[in-house]
Amino acid sequence: MTKKTLLSVLLCMAFLTQGMAQVEKNERIPLKHGAHRTGRRTDADMQRWREYGLGQFIHWGVYAIPGGVWNGKTYTGASEWIRSWKEMPKDVYDNLYKQFNPTRFDAKRWAKQAKEMGARYMIFTTKHHDGFCMWPSKYTDYTVAHSPYKKDIVKEMVDAYTAEGIDVYLYFSIIDWSHPGYLSGGNINSPQVKRAFQSGGGVNPFETKEKEEKYEEFKAFTRNQLLELLDNYPAIKGLWFDG
Numbered sequence: 152m153t154k155k156t157l158l159s160v161l162l163c164m165a166f167l168t169q170g171m172a173q174v175e176k177n178e179r180i181p182l183k184h185g186a187h188r189t190g191r192r193t194d195a196d197m198q199r200w201r202e203y204g205l206g207q208f209i210h211w212g213v214y215a216i217p218g219g220v221w222n223g224k225t226y227t228g229a230s231e232w233i234r235s236w237k238e239m240p241k242d243v244y245d246n247l248y249k250q251f252n253p254t255r256f257d258a259k260r261w262a263k264q265a266k267e268m269g270a271r272y273m274i275f276t277t278k279h280h281d282g283f284c285m286w287p288s289k290y291t292d293y294t295v296a297h298s299p300y301k302k303d304i305v306k307e308m309v310d311a312y313t314a315e316g317i318d319v320y321l322y323f324s325i326i327d328w329s330h331p332g333y334l335s336g337g338n339i340n341s342p343q344v345k346r347a348f349q350s351g352g353g354v355n356p357f358e359t360k361e362k363e364e365k366y367e368e369f370k371a372f373t374r375n376q377l378l379e380l381l382d383n384y385p386a387i388k389g390l391w392f393d394g
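The numbers in the sequence shown follow the working numbering, run straight up by one, and end at 394.
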């Protein structure tokens, strides 16, 4: 299976393990929204997933700096969402990367401890909804490479856990607040979007041609980043999508 063929499947799913679809080399799979299958899966890859048992799901990014606390107030929920609450200005959050410098981070130690506790797989956040990339993506400057830390954290994690025999999956957020083209498919509260849903997608949900073009740019950006991850970290077992 080629990486481009695999990506065509991945983009339309919330989660997919590599190799789950038996596709001939260079065969093209039509891209569509939603899962490509329904019902309980019985294929070998899903069976492997069910048999994993204990695993780690590690969420880490610049949101670890405020840690859900701003001006003495603690916020519950996913920490990156603190950017969406009015008390913390967006420009303040968007500049937190300038403080991101986890000098005591030791991926090998994390992986060793995971092995000792019996973890058989690990999922790591390459980027969350804020768009900050934990790898040096060439498609944006909003990455760990432009933080004081500079090093490729995704690579450190993939290499360390793979060396311990732990299967690695990469979390990837389809939502990206840092990209000007991210529109969530248009204004979901507009009458036009409601008509589009009611018509089964027969109405263009974008209010202007400019917004539609920006969204196409965002889709290309997302595709490029996914290909980049697949190329950079061939040892991973799959991708986990959010958003």
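All C-beta atoms in this analysis are idealised placements derived from N, C-alpha and C, irrespective of residue type, glycine included.
Asked, Found
"At least one CB of chain B closer than 8 Å to the CB of Gln198: is that the case?", "Given the protein chain composition of this structure (a single chain), no chain B is represented."
"With distance defined between alpha-carbon atoms, name the residue in Tyr384, Gly332 and Thr225 nearest to Thr359.", "Gly332"
"Near Gly269, what residues of its chain come up, given a Cβ to Cβ distance below 7 Å and the 5 sequence neighbours on each side ignored?", "Leu205"
"Taking C-alpha atoms, which residue in Thr294, Tyr300, Val243 and Thr276 lies nearest to Ile325?", "Thr276"
"Return the CA-CA distance between Lys302 and Trp221, expressed in angstroms with no decimal places.", "27 Å"
"Return helix, strand or coil for Leu247, following the three-state DSSP convention.", "helix"
"For Lys278, name the three-state secondary structure that DSSP assigns.", "strand"
"Strictly by DSSP, which residues pair up with Val319?", "Met273"
"Are the beta-carbon atoms of Ile216 and Tyr272 separated by less than 8 Å?", "no"
"Helix, strand or coil, according to DSSP, for Ile209 in the structure here?", "strand"
"Sorted by chain position, which residues of the same chain lie with C-beta nearer than 6 Å to Tyr293's C-beta, five sequence neighbours on each side aside?", "Gly282, Phe283 and Ser329"
"How would you write the range of the alpha helix (DSSP H) that Trp200 sits in, first residue to last?", "Ala195 to Glu202"
"With 16 as the cutoff for other CB atoms within 10 Å, does Phe323 come out buried or exposed?", "buried"
"Looking at the secondary structure, which residues open and close the alpha helix (DSSP H) in which Asp310 lies?", "Ile304 to Ala314"
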